[in-house]
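Down below is the structure, laid out as structure tokens.
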Amino acid sequence: MKNKILYALIILSISLNAQTSSDANEVKQSLNNGTIENQFDYLIKKSGSYQEFKVIKKTWIFKMKDNVSDSIHAFNTKISTQQKEISLQLNTINELNSKVNEVTKQLENVNLEKNSMQLFGMNMDKPVYNSLLWSIIGGLVLIAVIFIFKYNRSNQITSNAKQKLTDLEEEFTQHRASAIEREQKVRRQLQDELNKNKND
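For reference, each letter of the sequence shown is one residue, going 14 to 213 in the working numbering.
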């Protein structure tokens, strides 16, 4: 007996629970709330049938029309708002792209300036500038070496010429002295001969 009462209570609670959930579904499905699809389902479910046709109350049709119009208006408003947001975002993207392009150009200019040197008012790449600079330095060093070599050579030639001149002057002095001595000797001899000839 207790089992029968227990089974009866369980069956009663299950049926009440099922009825409550179907009532909750009906509350969810009405023309005043829910999605348009749920409202159409509610309209089809609650409308009467005549042969193969559905009979729908005019008030429900007008209510459904208002709901659809409101939904369309809400969607159009949402679309318009989203299009404005998209337009603003596109403008922002375009501004950012132009700033990125500007920054990229500035970066290229900075890199160009960093990798170039100015010589005689012309911008030159650093490798070309370095090559030119080292060529000029090498040329100047070569000219200096040649100048030093020529200077030393001409200095040596000048020293040799001075030495030869000194030697030549000494030789000339000696030659002159010997020539004077010879001349004096010859004059003496001549004078002696003249004196001898006079005395004889």
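Glycine is no exception: its CB is placed at the ideal position from the N, C-alpha and C atoms.
Since this is a predicted model, take the numbers as computed values, not measurements.
What is the residue span of the beta strand (DSSP E) that residue i lies within?
i, result
"N136", "135-138"
"S111", "Premise fails: S111 lies in the alpha helix (DSSP H), 71-127, not in any beta strand (DSSP E)."
Only counting the same chain, and skipping five residues up and downstream in sequence, which positions put a Cβ closer than 7 angstroms to that of residue i?
i, result
"V154", "none"
"R201", "none"
"M130", "M137, K139, Y142"
"K70", "none"
"R189", "none"
"A87", "none"
"W73", "L44, L56"
"N107", "none"
In the DSSP output, which residue or residues are listed as bridge partners for residue i?
i, result
"F66", "Y63"
"R131", "Before going on, a small fix: residue 131 reads as Gln here, not Arg. Per DSSP, N136."
I think residue i touches residue j, with their Cβ atoms under 8 angstroms apart; what is that distance to the nearest whole Å?
i, j, result
"S84", "I49", "5 angstroms"
"D138", "N122", "D138 to N122, Cβ: 14 angstroms. No contact."
"M77", "L103", "Between L103 and M77 the Cβ distance is about 38 angstroms, and since that is not below 8 angstroms, they are no contact."
Short of 8 angstroms in beta carbon distance, which residues of its chain neighbour residue i, apart from the five on each side in sequence? Order them along the chain.
i, result
"N80", "L44, I49, Q52"
"N38", "Only weak support is given to the placement of N38: the predicted model assigns it a pLDDT of 47, under 50, and the value that follows is read from those uncertain coordinates. The answer is none, since no qualifying residue turns up."
Spatial neighbours of residue i within its chain, please: C-beta separation below 6 angstroms, excluding the five flanking residues on both sides.
i, result
"I193", "none"
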